[in-house]
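Engineer: One structure, as structure tokens, below. Some questions next.
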Amino acid sequence: MASPACTELEVAMMDWLGKMLDLPQQFLNSSEGPGGGVIQGSASEATLVGLLAAKERTVRRLRASNPDWDEGAIKARLVAYTSGW
Numbered sequence: 001m002a003s004p005a006c007t008e009l010e011v012a013m014m015d016w017l018g019k020m021l022d023l024p025q026q027f028l029n030s031s032e033g034p035g036g037g038v039i040q041g042s043a044s045e046a047t048l049v050g051l052l053a054a055k056e057r058t059v060r061r062l063r064a065s066n067p068d069w070d071e072g073a074i075k076a077r078l079v080a081y082t083s084g085w
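Here the working numbering is used: the sequence shown runs in plain steps of one and ends on residue 85.
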């Protein structure tokens, strides 16, 4: 179920929190910088988002330094180490 109004409210709230913490402008959703963010519903969701972001960053970095490498081949070789807990 999509809720654009809730998303807009969340973005505004995160900006308010960032301003309250006196974060630099680049960390806010309202800035043109890479900052911003949303609240995840659980630790599992936050972990998943973190892993997806790390994968995307790694693929971009490797493609930038090795343009002839295939994105699918890079992703196939990525490994995530986790614990059993």
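In this text, a Cβ means the ideal position worked out from N, Cα and C, and glycines have one as well.
Computed from a predicted structure; not experimentally measured.
1) Taking its Cβ as the centre, do 16 or more other Cβ atoms sit within 10 Å of residue 21, making it buried, or is it exposed?
2) Measuring CB to CB, does residue 80 end up less than 9 Å from residue 51?
3) Compute the beta-carbon to beta-carbon distance between residue 36 and residue 28, rounded to the nearest angstrom, for a pair I have assumed lies under 8 Å.
4) Quick one: complete alpha helix (DSSP H) runs, 4+ long, within the stretch 9-78?
5) Distance check for residue 68 and residue 9, CA to CA, integer angstroms please.
6) When you compare only the Cα positions, how much space is there between residue 143 and residue 11?
7) For residue 56 and residue 70, I'd like the C-alpha separation in whole angstroms.
Structural biologist: According to the data block:
1) Numbered from its first residue, the sequence shown carries residue 21 at position 21. Exposed, because fewer than 16 other Cβ atoms sit within 10 Å of the Cβ of residue 21.
2) One-based indexing of the sequence shown puts residue 80 at position 80. One-based indexing of the sequence shown puts residue 51 at position 51. Contact flag set, yes.
3) Taking the sequence shown and counting its residues from 1, one reaches residue 36 at position 36. Taking the sequence shown and counting its residues from 1, one reaches residue 28 at position 28. With a Cβ gap of about 7 Å, residue 36 and residue 28 count as contacting.
4) 43-65 and 71-77
5) Position 9 of the sequence shown, counting from 1, holds the residue named residue 9. Position 68 of the sequence shown, counting from 1, holds the residue named residue 68. When rounded, the distance between both Cα atoms is 43 Å.
6) It is not possible to answer for residue 143, since the shown part of the chain is limited to 1 through 85.
7) Within the sequence shown, numbered from 1, the residue matching residue 56 stands at position 56. Within the sequence shown, numbered from 1, the residue matching residue 70 stands at position 70. Approximately 14 Å between the Cα atoms of the pair.
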